[in-house]
Every structure is written in structure tokens, then in C-alpha cells.
Amino acid sequence: MSFEYYYITVVSLVIFVVALLIGLIMNNRYYKAISEALTQVKEVESRGPLATMSGDFEVLMCPRCGYSKTIPYRVGDYVGKVVDEACPNDGEKLIVHAIYSSRPAEQYS
Ligand SMILES: [Zn+2]
Numbered sequence: 002m003s004f005e006y007y008y009i010t011v012v013s014l015v016i017f018v019v020a021l022l023i024g025l026i027m028n029n030r031y032y033k034a035i036s037e038a039l040t041q042v043k044e045v046e047s048r049g050p051l052a053t054m055s056g057d058f059e060v061l062m063c064p065r066c067g068y069s070k071t072i073p074y075r076v077g078d079y080v081g082k083v084v085d086e087a088c089p090n091d092g093e094k095l096i097v098h099a100i101y102s103s104r105p106a107e108q109y110s
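Residues 2 to 110 in this note's numbering are what the sequence shown spells out, letter by letter.
As C-alpha cells, this is what we get:
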């Protein structure tokens with residue numbers, strides 16, 4: 002076996018391993034994002050109508066320009082969470098600024 006052949010084998014092996022590692026890391030990152038999106042969809046599907054009926058709302062706010070909008074509360078959302086909605090003015094991701102309920106106080110007792 003000549004040295005050149007050995008060298009090429011080692012280099013190609015190293016490149017293969019590095020590519021495999023990059024693939025694994027990227028895969029893991031995408032898997033997390035995909036599973037997060039899937040669980041959110043499932044939650045919305047299973048509890049969405051209930052949450053909408055309950056009278057809870059959340060205020061989404063753009064951290065860059067202060068744009069805000071109110072939407073029905075979605076299960077799993079919390080104050081400070083960065084949601085998938087983008088600001089119509091500058092495309093910045095909106096943050097859950099506040100969550101409140103419009104239900105009458107008697108219903109809580
Ligand atoms: Zn904005």
C-alpha cells in the first residue's frame with residue numbers, strides 16, 4: 002500500500018466523520034424544533050377550542066417597535082415566551098407581554 006493511498010483514505014475518513022457529526026448536530030437541532038412545533042400543534046388541536054372559549058387573552062408585543070396585539074390565550078404560552086408570530090412592521094418575533102382573563106370574578110370561586 003503506497004503512502005498516497007493511505008493518506009487519501011485517512012483524509013476521506015476524517016471528512017466523512019466530520020460530515021456525519023455535523024449532520025447529527027443539525028439533525029438534533031431540527032428534531033427539537035420540529036417536535037416543539039408538533040407538540041404545540043397537538044396542544045392547540047386538543048385544547049384550542051376550549052382555550053378560545055375560556056375568555057383568556059394574551060398580549061403579544063414587538064420588542065423592537067412596541068407593536069402589540071391581543072389574541073385568544075393558547076395553552077402553553079407564558080409571559081416572556083417568544084412566539085412564532087412576526088411583527089408586521091419590522092418582522093421581529095413577538096413576545097408574550099401579558100396574559101389576562103375576561104371571565105367574571107364569580108367563576109373563580
Ligand atoms: Zn416591530
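Quick reminder that beta carbons are idealized off the backbone N, C-alpha and C, glycines included. Predicted model only: the values in this text are computed from it and were never measured.
Go to residue i, then tell me how far its beta strand (DSSP E) extends in each direction, as first and last residue.
i, result
"Val76", "No beta strand (DSSP E) contains Val76, which DSSP labels as neither H nor E."
"Val83", "83-87"
"Tyr101", "94-102"
"Asp57", "57-62"
Just mark residue i as buried or exposed, buried being the case when its beta carbon has 16 or more other beta carbons within 10 Å.
i, result
"Cys88", "buried"
"Arg30", "exposed"
"Arg75", "buried"
"Leu95", "buried"
"Arg5", "This sequence places Glu at residue 5; Arg is not what is there. Glu5 is exposed by the Cβ-count criterion."
Please tell me whether residue i has its Cβ less than 9 Å away from any Cβ of chain C.
i, result
"Tyr8", "Included in the structure is just one protein chain, with no chain C present."
From this set, the options, which residue's C-alpha is nearest residue i's C-alpha?
i, options, result
"Met62", "Tyr32, Tyr8, Glu37, Ile100", "Ile100"
"Gly77", "Val97, Gly67, Ile26, Gly92", "Val97"
"Asp91", "Ser69, Ile16, Val60", "Ser69"
**Report entry** Distance cut 5 Å, beta-carbon to ligand 1 heavy atom: residue list by chain order
**Finding:** Checking every Cβ against the heavy atoms of ligand 1 under 5 Å gives Cys63, Arg65, Cys66, Tyr68, Cys88, Asn90, Asp91, Glu93.
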